[in-house]
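I have placed the structure first, in the form of C-alpha cells, so that the comments after it can refer back to it.
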Amino acid sequence: PDVIRAEYLISAVRQEQYPPGDEPEIAFIGRSNVGKSSLINSVCRHRGLALTSATPGKTQTINFFRVFFKLSHNNSEARRQIFFVDLPGYGYAKTGRSTRRQWAKFIEEYFLQSSRLKRIYQLIDIRHPPMESDILFHQWLRRQGLPVKIVATKSDKITRSRMKEHMGVIARTLGIEPEQILIHSALSGAGRDELLDDIVQILLQ
Ligand code: GDP
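When we follow UniProt numbering, the leftmost residue of the sequence shown carries the number 10, and every step to the right adds one.
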C-alpha cells in the first residue's frame with residue numbers, strides 16, 4: 010500500500026465547511042510542536058502539504074486533505090480515497106484559559122459529529138512522558154468511545170536502547186500496552202510502513 014497523491018481541501022472553522030463525502034476519515038492530533046504536520050507530510054510524501062513550523066501556536070483551523078491510496082490486495086490493485094484531518098494542537102503553554110476553552114468546544118464539535126471518523130492518531134513526542142493535556146485528552150477520547158491510537162513521534166531523537174523504556178513510560182501513563190503504540194520518524198521515515206498498514210486495515214474494514 011502507498012499514497013499516490015494527496016491534496017489540501019479546506020481549512021474549516023465550522024461544521025458546515027467540512028467537505029462532503031462518505032470516505033473514511035482519519036484525524037491527527039497532539040500537542041503543538043509534537044511533529045504532526047511533519048508526520049502528515051511524511052505519510053503523504055508531500056513536503057508542503059501540512060504547514061510545518063518551528064514556532065508553535067498556529068491558527069486554530071481544522072484542515073482537511075484528500076489522500077489517494079493504492080492497495081494491493083489478493084493479487085489485485087485497488088484505489089481508495091480517504092480524508093486526513095489535521096486538528097489544531099493543544100497544550101501550548103502561552104495560550105490562556107479562554108483560548109483553551111474555545112479549543113475544547115471547537116474540537117468537541119468535530120469529534121462528536123463525525124460519522125466517517127474511523128481513527129484518531131494521537132501523537133506523543135517519544136522523548137517525553139505524556140503531559141497532563143495529553144492524558145486528559147486521551148481519557149476524554151476513550152470515554153467517548155472514539156477509536157484512538159497513539160503514535161510516538163520523532164523516534165530518531167532517541168537511541169534504540171532507550172526506545173523500550175520510553176515506550177513503557179508512555180504506555181503506563183496512558184493505561185495502554187506498549188505494543189499498541191506506533192512509532193514514527195518524519196526525519197528517517199521509520200515506522201511509515203507500519204502506519205500505512207494500520208491505515209489500510211481501516212480501508213479494508
Ligand atoms: P506540529 O506543530 O505538531 O505540526 O509540529 P511540526 O511538524 O511543525 O514539527 C515541529 C518541529 O519538530 C519542527 O522543527 C520539525 O522539524 C521537528 N520534527 C518534526 N518531526 C520530526 C522528526 O520525526 N524528527 C525530528 N528530528 N524532528 C522532527
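All C-beta atoms, glycine included, are put in the ideal place defined by N, C-alpha and C.
For Y27, same chain residues with a beta-carbon under 6 Å away, outside a window of 5 residues either side, are A21 in chain order. A15 has its Cβ no nearer than 6 Å to any heavy atom of ligand 1. The Cβ atoms of P33 and I159 do not sit closer than 7 Å to each other.
Straight through space, the alpha carbons of P156 and T108 are spaced by roughly 26 Å.
Taken atom to atom, the span from the alpha-carbon of G154 to that of S47 is near 27 Å. The three-state secondary structure of H147, taken from DSSP, is helix. Under a 10 Å Cβ-count criterion, S197 is classified as exposed, with fewer than 16 other Cβ atoms of the shown protein chains found around its own Cβ. In this structure, M176 is the residue among M176, I38, L191 with its C-alpha nearest to the C-alpha of R136.
Linking E174 to P138 through their CA atoms gives a straight-line distance of about 11 Å. The DSSP assignment places 71–82, 85–95 as complete runs of the beta strand (DSSP E) inside the region 46–116, in order along the chain (cut-off: 3 residues).
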